[in-house]
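Each remark here refers to the structure printed beneath this line.
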Amino acid sequence: MRRRIVRAFFATCGVLVGLFSISTGSGWAASSVEPASQIVLGSLEEPGSLSALVDLPHHFPEHAPQTLLYDSLTQFMPDGTVRPKLAQKWTVSPNNLVYTFTLAPNAKFHDGAPVTAADVKFTFDAARDPKTQSSDEGLEAVEKVEAVNPRTVRVTLSRVTPQFLATGGARGIVPKHLLEGKDLSKDAFNQKPIGSGPYQLVSFAPGQSIVLEAVPDFYRGAAKIRRVIFKVLPDQNVILTQLRSGEIQYALLQPRDLAAVQNTAGLRVAESPTPRFYDLTMNLQRAYWQDHRVREAVLAAMDREGIVQKVLLGHGQVVHANATPSSWAYTSDVPRYPHDPVRAKQLLDDAGWRPGSDGIRTKDGQRLRFTVMLKNFDRTLEQVFVIAQQQLQPVGVDLQIERVEPGVFPQRMRAGNFDALSRVWNPVYDPDQSNLLRTGNRYGGYSNPQVDALLDRTLATLDRAKRKQAFMALQRLLSQDLARLYLYTENELHVVPAGLRGVQWHPVNIFWNLKDWELGR
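In case it helps, numbering that gives the first Met the number 0 puts the sequence shown at residues 0 to 520.
So this is what it looks like as structure tokens:
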């Protein structure tokens, strides 16, 4: 992949409903839009570009404007299935390499031009062209795109890939007639786009706001909320203050924020699970990690259930492998390692690690000490490892915490310059994690031919039932191996207006069906 932008999923957002709109010059101004037909999403992040070629829309709230401005061939649904969107229907060849899409006859761009197969071909070709500085995520296996006729597009893949409909199909389609022959990395379109989604752009003031208006004749039915405003907010305290004052009525919060808004009138909390999870990724080039007994001892010494209760305030769940209960590929039938400090000590004794004068174990002159690398903004994860540090010390393990800049983290990870690291893993669109687990990966050096074979099985068929069997076998093997020390999944906490209707949890982007949201009066 040429350009994948990874953002923190737990960036906080807020929404207020009111008698406001935003001008591109001075900010707020009176609006004629009725309160019940306008919603404002406040965010700590904003997109650097509004082009659908930049990335797939799976980081919210940053990608919420992209979600609303563009339509894609397919729609990834909350249950992990794929449904029609711009593509009215499609067929797949017997060898699973050729996809033929028939476009909806009445889909059009915001300037009135019809969406055609030529636009789909132009979008896919542009995303795959290194000169455009775009992301080819979801399109890596595309070999050829053909516009058969105005409503029919044929996509040929170089290999079977069960993710194509969900990921490649999720690519927002851009208009060929406005972009052909232009420098797509610099064109004004990136700030003033024309899409085919349920909302069209009114204004974009970087660092301030993005204003969208519902398309009245949208081919899949007009949005119920007429205007959507994205307001860039300076920090978390402002969001909490505006929630308490009633200015903001929607936010994605961390558990520690709930106390600040629990008694605010007119709000309710909607809690939803997520496929995201955290683990302790070990650098298996370190000799001590190569002993399964040491890995098991470290996990047994950590009270993960206690961490979920203390840090997440119960808004999460311990995970035992690389899938969460919200994933269609999840199985609970995996080996488990409960909190057991006595067993942890025995395992370390058996592995030849003896307590030193300060209680920290040593072997062959080496102390049992490792440093876990974290991104410096992830305060919740830092809390988790402060507690883990306290739990490991009594069994003779010295855990240290290193906080690094987000830009440094992936460089160190790719170079193998770490003892251990922890971060959120986010299997969006599909449970596949081959790039993390296959032999030769750059994230820790884990190697198991059986795992490689199971990964191949998950990618060799479009049959979801067969894929699930392989994924479940994979979870059991990874847990047995302790390939990673799996920690927990954190639920999403959505604070919403009490009268808001139509919101549906989604594993990729909560704004996926904002077109169908309704605000109670």
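Even for Gly, the Cβ is constructed at its ideal location relative to N, Cα and C.
Would you kindly work out how many angstroms separate the C-alpha atoms of Val307 and Asp118, rounded to a whole number? Roughly 47 Å separates the two Cα atoms.
Indicate whether Thr99 and Thr90 have their beta-carbon atoms separated by less than 8 Å. Cβ atoms of Thr99 and Thr90: closer than 8 Å.
For Phe229 and Ile21, the rounded distance between their alpha carbons: With a pLDDT of 29 at Ile21, under the threshold of 50, the modelled position of that residue is not reliable, and no figure is offered here.
Only counting runs of 3 or more residues, tell me where the beta strand (DSSP E) segments fall wholly within the segment 322 to 397, in order along the chain. Residue ranges of uninterrupted beta strand (DSSP E) with 3 or more members, entirely inside the segment 322 to 397 and ordered along the chain, are 360 to 362, 368 to 374.
Among Leu458, Tyr277, Val495, whose alpha-carbon lies nearest the alpha-carbon of Val260? Per the Cα distances, Val495.
Looking at C-beta atoms only, is the number of pairs between the segment 359 to 376 and the segment 495 to 510 that lie closer than 8 Å three or more? With a cut-off of 8 Å, the segment 495 to 510 and the segment 359 to 376 do not count as touching, because too few Cβ pairs lie within range.
Mapping the DSSP letters down to three states, classify Arg153 as helix, strand or coil. For Arg153, the three-state secondary structure derived from DSSP is strand.
Under 8 Å by Cβ, that's how I've got Gly196 and Leu279 pegged, so tell me the actual separation to the nearest angstrom. Contact flag wrong, Cβ pair sits at about 40 Å.
Please determine, among Arg335, Tyr442, Leu461, the residue with the shortest C-alpha to C-alpha distance to Asp418. Ranked by Cα distance from Asp418, the options Arg335, Tyr442, Leu461 are led by Tyr442.
Assigned exposure category for His291 - 16 Cβ within 10 Å defines buried: When all chains shown are included, His291 counts as exposed.
Can you name, in chain order, every residue of its own chain whose Cβ lies under 6 Å from the Cβ of Ala300, other than the five neighbours on each side? Pro340, Ala343, Gln390, Leu391, Val394, listed in sequence order.
Residues that Pro506 bridges to, as DSSP identifies them: According to DSSP, which records beta bridges pairwise, Pro506 is partnered with nothing at all.
Take Leu484 as the anchor and find which of Arg422, Glu517, Phe123 has the nearest alpha-carbon. Nearest option by C-alpha distance: Arg422.
With distances taken between CB atoms, is the gap from Gly194 to His109 smaller than 8 Å? Yes.
Entirely within the segment 441 to 513 and at least 4 residues each: give me those alpha helix (DSSP H) ranges in chain order. Runs found: 448 to 458, 463 to 480.
Residues that DSSP places opposite Gly180 in a beta bridge: In the DSSP output, where bridge partners are listed per residue, Gly180 has none listed.
In the DSSP output, which residue or residues are listed as bridge partners for Tyr277? Val423, Tyr487, per the DSSP bridge assignment.
Take the Cβ of Pro104 as the centre, count every other Cβ of all protein chains shown within 10 Å, and call the residue buried at 16 or more, exposed below. The residue in question, Pro104, is exposed, as its Cβ has fewer than 16 Cβ neighbours within 10 Å.
As assigned by DSSP and simplified to three states, the class of Gly519: Assigned with DSSP and collapsed to three states, Gly519 falls in coil, not helix or strand.
Could you compute how far the alpha carbon of Leu52 sits from the alpha carbon of Gln132? Straight through space, the alpha carbons of Gln132 and Leu52 are spaced by roughly 9 Å.
Is the Cβ-Cβ distance between Val227 and Tyr249 less than 8 Å? No, the Cβ-Cβ distance between Val227 and Tyr249 is not below 8 Å.
If you draw a straight line from the C-alpha of Thr73 to the C-alpha of Gln87, how long is it? If you draw a straight line from the Cα of Thr73 to the Cα of Gln87, it comes to about 9 Å.
Cα-Cα separation between Thr379 and Thr101, rounded to whole angstroms: The alpha-carbon of Thr379 is positioned some 46 Å away from that of Thr101.
Taking all protein chains shown into account, do 16 or more other C-beta atoms lie within 10 angstroms of the C-beta of Ala126, making it buried, or fewer, making it exposed? With 16 or more other Cβ atoms within 10 Å, it is buried.
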